[in-house]
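The structure under discussion appears below in the form of structure tokens.
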Amino acid sequence: MTDRMIKLNDGHDIPAVGLGVFLSKEGKEAYDAVRAALDAGYRHIDTAAAYGNEESVGKAIADSGIDRDELFITTKLWNDDTRAGKARQALETSLKKLKLDYVDLYLIHWPADGWLPAWRDLEIMKDKDLARSIGVSNFQIPHLEKLLKFSQTVPAVNQVECHPRFPQHELKRYCEERGIRLEAWSPLGGSRKGQSLREDPLLSDIAAAHDKSVAQILIAWQLQRGVIAIPKSVHADRIAQNLDVFDIEFTKEELNAVMTLDDGWRFGSSPDTFTF
Ligand code: A2P
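At position 85 of the sequence shown the residue is numbered 1129 (the working numbering), and the sequence of numbers has no breaks.
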């Protein structure tokens, strides 16, 4: 049995599984996905300014009637605003769209030029309680080394691409040693056809042995190694299924077998070469 809540280095608790909404379309699609997630028991929603769906996410949260203190909402500072030195304005815009007074977690989305001054802005936003926790996304070890050299505030999380084909062992170890919690984006291997982990035969066998889906195995695997997961779906049945993962216990053999899938396959952009 893995824990539903994870304690961050600043004392705040984050639900170990959240709904990701990257590629969930602004309007009915994102709104319905968030409502379905909240109905299914999710209390953690992960969006970003760049996803273009903060208004639908905010409306779904408001319409749910769930107490604000029960929810954990993440959004992210987009690269244009990082480069322009407009972190404070960007967070205010996000809060307005989300109809919130604060976010639970504000992340620098990518290490775009200007991220270090942006981090200082995030520290101020945390002090002002506009963001309860602050962190980074898509940061490599050299970015984190620089950040820790120039700042006293250790990021609460680093959200990165992470799944069995790209498990981020070294970055995970580095983060763990410094109290930074790893968060996995695209824990299901993303949405591109033909590259999916969800059809992997080895994972299918493990899923069958547990009477679960491969998606559930992929999420539970992250939880087992202490990584927060934010699977994305726009289907209510899958959304509910992706939260029903806390009872999965892997055998040593299964964990060793999953390790063999690591082939360094990164399907998303690299933080060292991204061009947006
Ligand atoms: P959909 O949104 O149509 O349900 P990731 O979180 O790794 O980016 O993966 C998201 C992809 O996985 C989306 O294409 C999503 O499709 C699909 N997906 C999410 N949950 C499940 C599930 N339980 N079973 C199968 N596919 C899923």
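Idealized CB from N, CA, C, for every residue including glycine.
Bear in mind that the values here come from a model prediction, so they are computed numbers and not experimental data.
{"Query": "Alpha helix (DSSP H) containing residue 1190: first to last residue?", "Result": "1185–1194"}
{"Query": "When a residue counts only if its C-beta is closer than 6 Å to some heavy atom of the ligand A2P, which residues count, in chain order?", "Result": "1064, 1230, 1231, 1232, 1233, 1234, 1235, 1242, 1257, 1259, 1275, 1276, 1277, 1278, 1279, 1282, 1285 and 1286"}
{"Query": "Note down the Cα distance separating residue 1106 from residue 1143, rounded to an integer number of angstroms.", "Result": "8 Å"}
{"Query": "Note down, in chain order, each residue of its chain lying with its Cβ closer than 6 Å to the Cβ of residue 1056, except the 5 sequence neighbours on either side.", "Result": "1176 and 1177"}
{"Query": "Rounded to the nearest angstrom, how far is the Cβ of residue 1232 from that of residue 1241, given a contact under 8 Å?", "Result": "7 Å"}
{"Query": "Counting only runs that start and end within the segment 1064–1092, where is the beta strand (DSSP E) found for 3 or more residues in a row?", "Result": "1088–1090"}
{"Query": "Just to confirm, is the Cβ distance from residue 1209 to residue 1306 under 8 Å?", "Result": "yes"}
{"Query": "Three or more beta-carbon pairs under 8 Å between the segment 1279–1294 and the segment 1261–1271, yes or no?", "Result": "yes"}
{"Query": "Going by beta carbon distance, what residues of the same chain come within less than 6 Å of residue 1124, once the five residues before and after it are set aside?", "Result": "none"}
{"Query": "Kindly confirm or deny that the segment 1212–1226 and the segment 1310–1317 touch, where touching means at least three C-beta pairs closer than 8 Å.", "Result": "no"}
{"Query": "Helix, strand or coil for residue 1170, going by three-state DSSP, please let me know.", "Result": "helix"}
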